[in-house]
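A.B. asks: Each position in the sequence shown, counted from 1, maps to that position plus 5 in the working numbering.
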Amino acid sequence: WGRNGNVAFIAQLGDFIDGANRSLGTHAPREALRELMQPLQGGPPVLNLVGNHELYNFRRASLEAGISVADTCVPFTIAAPNCWQGQDAPAGRAYYSFCPHPRWRVC
6 WGRNGNVAFI AQLGDFIDGA NRSLGTHAPR EALRELMQPL QGGPPVLNLV GNHELYNFRR
66 ASLEAGISVA DTCVPFTIAA PNCWQGQDAP AGRAYYSFCP HPRWRVC
């Protein structure tokens with residue numbers, strides 16, 4: 006469904022991974038991200054909102070800069086996807102707005 010061209014973007018609304026991953030070891034949070042991100046590869050841009058579970062596992066600065074994840078071509082980030090970066094969506098910022106359609110603004 007995500008690769009047929011009918012989806013403009015995917016909004017991941019936070020708490021993508023479980024907060025308990027941190028207690029499972031240093032690699033567990035990245036492994037959880039890998040498992041969840043792989044099915045999204047090759048699809049539309051993904052808008053990742055930050056949830057408290059992401060913050061249990063990673064520092065906010067790391068989430069904004071982007072976290073490299075094995076076997077994925079795009080890092081996990083809460084900043085704007087590259088295709089929307091610009092005046093309203095500066096690179097590396099978790100708070101931004103963009104227009105996926107001329108009559109829509111997402112903030």
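The C-beta atom is built at its ideal place from N, Cα and C for all residues, glycine as well.
Just grab the DSSP bridge partners of L52 for me.
C.D. replies: Position 47 of the sequence shown, counted from the start, is the residue given in the question as residue 52. According to DSSP, which records beta bridges pairwise, L52 is partnered with A16.
A.B. asks: What residue from C78, N9, F14 has the CA that sits closest to W109's CA?
C.D. replies: Counting from 1 along the sequence shown, the entry for residue 109 is found at position 104. The option with the nearest alpha carbon to W109 is F14.
A.B. asks: Are the CB atoms of Q17 and N53 within a distance shorter than 8 Å?
C.D. replies: Taking the sequence shown and counting its residues from 1, the one referred to as residue 53 is at position 48. Taking the sequence shown and counting its residues from 1, the one referred to as residue 17 is at position 12. Contact flag set, yes.
A.B. asks: Could you spell out the range, first to last residue, of the alpha helix (DSSP H) harbouring R35?
C.D. replies: Here the question's residue 35 lines up with position 30 in the sequence shown. Its alpha helix (DSSP H) spans residues 33 to 42.
A.B. asks: For the stretch 29 to 48 and the stretch 71 to 89, state whether three or more C-beta atom pairs, one from each stretch, are separated by less than 8 Å.
C.D. replies: The answer is yes - the stretch 71 to 89 touches the stretch 29 to 48, with three or more Cβ pairs under 8 Å.
A.B. asks: Beta-carbon separation of V51 and P95 under 8 Å?
C.D. replies: For the purposes of this step, residue 51 is taken as residue 46 along the sequence shown, with counting starting at 1. For the purposes of this step, residue 95 is taken as residue 90 along the sequence shown, with counting starting at 1. No, these two residues do not count as a Cβ contact at 8 Å.
A.B. asks: Helix, strand or coil for C112 per DSSP?
C.D. replies: Taking the sequence shown and counting its residues from 1, one reaches residue 112 at position 107. Coil.
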